[in-house]
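Chemist: The sequence shown begins at 0 in numbering that gives the first Met the number 0 and counts up one residue at a time.
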Amino acid sequence: MGGKDESGGLYDDEGVSTESSVTLLARGRRGNSIGLKKGEGELEGFFSSSIEDEKLKLCEDLEMGLLVFLLLAISVVSGDEDAFIGVNIGTDLSDMPHPTQVVALLKAQQIRHVRLYNADRGMLLALANTGIKVAIAVPNEQLLGIGQSNTTAANWVSQNVVAHYPDTNITTICVGSEVLTTLPNTARILVSALKFVHSALVASNLDSQIKVSTPLSSSIILDSFPPSQAFFNRSWNPVIVPMLSFLQSTGSFLMLNIYPYYDYMQSNGVIPLDYALFRPLASNKEAVDANTLIHYTNVFDAMVDAAYFAMAYLNFTNIPVIVSESGWPSKGDSGEPDATLDNANTYNSNLIKHVLNQTGTPKHPGISVSTYIYELYNEDNKPGPLSEQNWGLFDANGKPIYILHLTGSGSVLANDTTNQTFCTAKDGVDAKMLQAALDWACGPGKVDCSPILQGQPCYEPDTVAAHATYAFDTYYHQMGKAPGTCDFNGVAAITTTNPSHNYCLFGSGGSNGTFVNSTAPALNSSSSGSSSHNFHGCGSTCAIILVGVLSLFAFFL
0 MGGKDESGGL YDDEGVSTES SVTLLARGRR GNSIGLKKGE GELEGFFSSS IEDEKLKLCE
60 DLEMGLLVFL LLAISVVSGD EDAFIGVNIG TDLSDMPHPT QVVALLKAQQ IRHVRLYNAD
120 RGMLLALANT GIKVAIAVPN EQLLGIGQSN TTAANWVSQN VVAHYPDTNI TTICVGSEVL
180 TTLPNTARIL VSALKFVHSA LVASNLDSQI KVSTPLSSSI ILDSFPPSQA FFNRSWNPVI
240 VPMLSFLQST GSFLMLNIYP YYDYMQSNGV IPLDYALFRP LASNKEAVDA NTLIHYTNVF
300 DAMVDAAYFA MAYLNFTNIP VIVSESGWPS KGDSGEPDAT LDNANTYNSN LIKHVLNQTG
360 TPKHPGISVS TYIYELYNED NKPGPLSEQN WGLFDANGKP IYILHLTGSG SVLANDTTNQ
420 TFCTAKDGVD AKMLQAALDW ACGPGKVDCS PILQGQPCYE PDTVAAHATY AFDTYYHQMG
480 KAPGTCDFNG VAAITTTNPS HNYCLFGSGG SNGTFVNSTA PALNSSSSGS SSHNFHGCGS
540 TCAIILVGVL SLFAFFL
């Protein structure tokens, strides 16, 4: 039966507001949407409020109990690992690359963390002995069976984890994806599924190496802005409370899908684009949480902190957050003007830098918030608006959709070709001298030339010049592009033109074919290998409402 939340808003059994004054917005397949009360300007008012105004509000309005709660919530979570950037790998492509080609791309781009939407055998075999850390998934369509049977869960772990570990470095099992918002009728067995999978890991002595969690949509967090007022949709508390208890007791983490793109799109112009894209804001334009006086410079941090506050509201203060999906589309239809290459590049580049700089969030500075970028490939078979097919960093041929700007952020996703140089074979040189130089590079030069063997990514074109270019460039990069390392008795020259082709990727110091397992079976490109989310406009089960004037509280988000 329906009821009220603590602010007095009327809700039905699904946690959907029944008050006519609140605009209901169906959320997109990703992220958190915002319901803005018509005719109100609470969010805009945030920008003009000064820090002194907020201090006065704090003194006048906050009770001591709330203040103590907020201080507790801010101080407890700690982190013991460096943050990482990973990528999600969906498979809803008309021409899905073979697993060995996927892994070649991952290695060339120095991607060390991936999240799969299933436990595809071919992909797991291809990832073996690469050192890449892998999050696999129990697909939503298998959740019911696993949540109802410990034996079924044990069999799943045996076939999909034990059979591959430790050769394939599986670190996480994601049980379902956005179950509460996409499969609400299955939510009742979610915690059982988590426990059964974990029990199977315990039986195999793998529970300390592999953690179990379930990615959630950020839409289950209501009243998210300001973050200090956030709480989980109370209609889901019978699931969320035992789920958080499980995560805490097993040393796991909350996985949350966060999409500032949708927050921005659905804010009706209230959220500045710069705020969604991590671009610098003038100090008087930063968002200030009136309850804590914490300043927020981007949507991403505000949403992560909202999750921390929502957990603290339920007395869980030491569960880390991992962002299981975040990204920005590079192309959209006429109704999606901000789905552009430039915005996608800006968001993902800034997100990567933000995560790897270990800044944490304003609520938990210095506490890592590892994040998986959505996604590796554009998925051209995705239904819905044009943006749905254009979240990828690469097309199906491994060509970058755009070049990330990652100067100073380490080597992750190293597809920034700005100022890159390559070493290639010269045209018209003596064939014998070229062959001799190739033989030297693959011999005394200690270049791994296996990628130019037949059947490997750099075999074609099968010419001495092409093979020599691969060997020369690999040697050149292995030697740190030092002067004199691209000469080879006059048959090689430095160029700024990237000679990469298909899945033969240059500039990576020889990371192409070394990791390729040519015996791996083809990757299953069925829908079970992709995100199970619905696209924008998915209906009432994806609705989220921010209730009443107090829920907006002069916070512009």
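The C-beta atom is built at its ideal place from N, Cα and C for all residues, glycine as well.
With I351 as the anchor, note down where its alpha helix (DSSP H) starts and where it stops.
Modeler: That run of the alpha helix (DSSP H) goes L340 to L355.
Chemist: Between the Cα of P183 and the Cα atoms of Q147, N139 and Y164, which residue gives the shortest distance?
Modeler: Measuring from the Cα of P183, the nearest candidate turns out to be N139.
Chemist: For a quick check, are the C-beta atoms of T185 and V178 less than 8 Å apart?
Modeler: Contact flag set, yes.
Chemist: Let me know the secondary structure DSSP gives F421 once reduced to three states.
Modeler: Strand at F421.
Chemist: Looking at N342 and L276, is the spacing between their C-beta atoms short of 8 Å?
Modeler: Against a cut-off of 8 Å, the Cβ pair of N342 and L276 comes out as a contact.
Chemist: Candidates H353, Y376 and K330: which alpha carbon is nearest P384's?
Modeler: Ranking the options by Cα distance to P384, first place goes to K330.
Chemist: Jot down the residue ranges of each uninterrupted alpha helix (DSSP H) in the segment 82-139, minimum 4 residues, whole runs only, in chain order.
Modeler: Counting whole runs of 4 or more residues, the segment 82-139 contains the alpha helix (DSSP H) stretches 98-107 and 120-125.
Chemist: Go through the segment 223-259 residue by residue and report every complete run of the beta strand (DSSP E) that reaches 3 residues or more, in order.
Modeler: Those beta strand (DSSP E) runs which fall completely within the segment 223-259 and span 3+ residues are 253-256.
Chemist: Would you mind working out which of D288, L143, V113 and A118 sits nearest T129, comparing C-alpha positions?
Modeler: Of the listed residues, the one whose Cα sits closest to T129 is V113.
Chemist: CB A136 to CB A199, shorter than 8 Å?
Modeler: The answer is no: Cβ separation not under 8 Å.
Chemist: Exposed or buried, K362, counting other C-beta atoms within 10 Å across all chains shown (16 or more means buried)?
Modeler: Buried, because 16 or more other Cβ atoms sit within 10 Å of the Cβ of K362.
Chemist: Using 8 Å as the cut-off, can you tell me whether the segment 203-222 makes contact with the segment 157-164, which would need three or more C-beta pairs spanning the two stretches below that distance?
Modeler: With a cut-off of 8 Å, the segment 157-164 and the segment 203-222 count as touching, because enough Cβ pairs lie within range.
Chemist: On the three-state DSSP scale, how would you describe K330?
Modeler: Note: K330 maps to coil in three-state DSSP.
Chemist: Who are H294's beta bridge partners in DSSP?
Modeler: Partner(s): V287.
Chemist: Kindly indicate the opening and closing residues of the beta strand (DSSP E) around A491.
Modeler: A491 to T494 is the span of the beta strand (DSSP E), which, as asked, contains A491.
Chemist: Determine the direct distance from the alpha carbon of W235 to that of H476, and round the result to whole angstroms.
Modeler: Roughly 53 Å between the two C-alpha positions.
Chemist: Relative to the C-alpha of A567, which residue among S176, L143, P96 and K445 is closest?
Modeler: As displayed, the chain neither begins before 0 nor continues past 556, which places residue 567 out of reach and without an answer.
Chemist: Please work out which residues of its chain come closer than 7 Å, Cβ to Cβ, to D379, disregarding the five sequence neighbours upstream and downstream, and give them in chain order.
Modeler: Counting only Cβ-Cβ distances below 7 Å, and skipping sequence neighbours, we find L92, S93 and Q388.
Chemist: Could you tell me the distance, in whole angstroms, from the CA atom of I84 to the CA atom of N356?
Modeler: Approximately 11 Å between the Cα atoms of the pair.
Chemist: Since P364 contacts T358 with CB under 8 Å, what's their CB separation in whole angstroms?
Modeler: Sure, about 7 Å apart at Cβ, within 8 Å.
Chemist: Using beta-carbon positions only, say whether V320 and F252 come within less than 8 Å of one another.
Modeler: Their beta carbons are under 8 Å apart, which means V320 touches F252 by this criterion.
Chemist: Going by beta carbon distance, what residues of the same chain come within less than 8 Å of T249, once the five residues before and after it are set aside?
Modeler: Hits under 8 Å: H197, D206, K210 and V211.
Chemist: Report yes or no: do three or more beta-carbon pairs, one from the segment 418-433 and one from the segment 115-122, lie closer than 8 Å?
Modeler: The segment 418-433, when compared against the segment 115-122, does not touch it at the 8 Å Cβ threshold.
Chemist: So, under 8 Å CB-CB, V490 and A440 are touching, yes? Tell me the CB distance rounded to an integer number of Å.
Modeler: The Cβ separation is near 11 Å, so there is no contact.
Chemist: Where L221 and V446 are concerned, what is the direct C-alpha to C-alpha distance, given to the nearest angstrom?
Modeler: Roughly 55 Å between the two C-alpha positions.
Chemist: Which residues does DSSP list as the beta-bridge partners of S216?
Modeler: Bridge partners of S216: N256.
Chemist: Kindly give me the distance between the Cβ atoms of P450 and Y469, rounded to whole angstroms, as I take these residues to be in contact under 8 Å.
Modeler: Rounded, the Cβ-Cβ distance is 7 Å, consistent with contact.
Chemist: Just the Cα atoms here: how many angstroms apart are D461 and Y346?
Modeler: Their backbone Cα atoms lie some 40 Å apart in a straight line.
Chemist: Which same chain residues, not among the five before or five after H466, have their C-beta less than 7 Å away from its C-beta?
Modeler: Answer for H466: L437 and I451, listed in chain order.
Chemist: Along the chain, where does the alpha helix (DSSP H) that runs through T151 open and close?
Modeler: That run of the alpha helix (DSSP H) goes N149 to V156.
Chemist: Is it right to say L71 is buried, meaning 16 or more other beta carbons lie within 10 angstroms of its own, or is it exposed?
Modeler: For L71, the pLDDT reaches just 41, beneath the cut-off of 50, and the residue's location in the model is therefore unreliable, although a value from the coordinates is still provided. With fewer than 16 Cβ atoms within 10 Å of its Cβ, L71 is classed as exposed.
Chemist: Report the partner residues of V463 according to the DSSP bridge assignment.
Modeler: Per DSSP, none; premise fails for V463.
Chemist: Only counting the same chain, and skipping five residues up and downstream in sequence, which positions put a Cβ closer than 8 Å to that of G144?
Modeler: Around G144: T151.
Chemist: State the start and end residues of the unbroken alpha helix (DSSP H) segment that holds S198.
Modeler: L189 to A202 is the span of the alpha helix (DSSP H), which, as asked, contains S198.
Chemist: Could you check where the alpha helix (DSSP H) with V320 kicks off and where it finishes?
Modeler: Per DSSP, V320 belongs to no alpha helix (DSSP H); it is in the beta strand (DSSP E), V320 to S325.
Chemist: Just to confirm, is the Cβ distance from F245 to K194 under 8 Å?
Modeler: Taking 8 Å as the Cβ cut-off, F245 and K194 qualify as a contacting pair.
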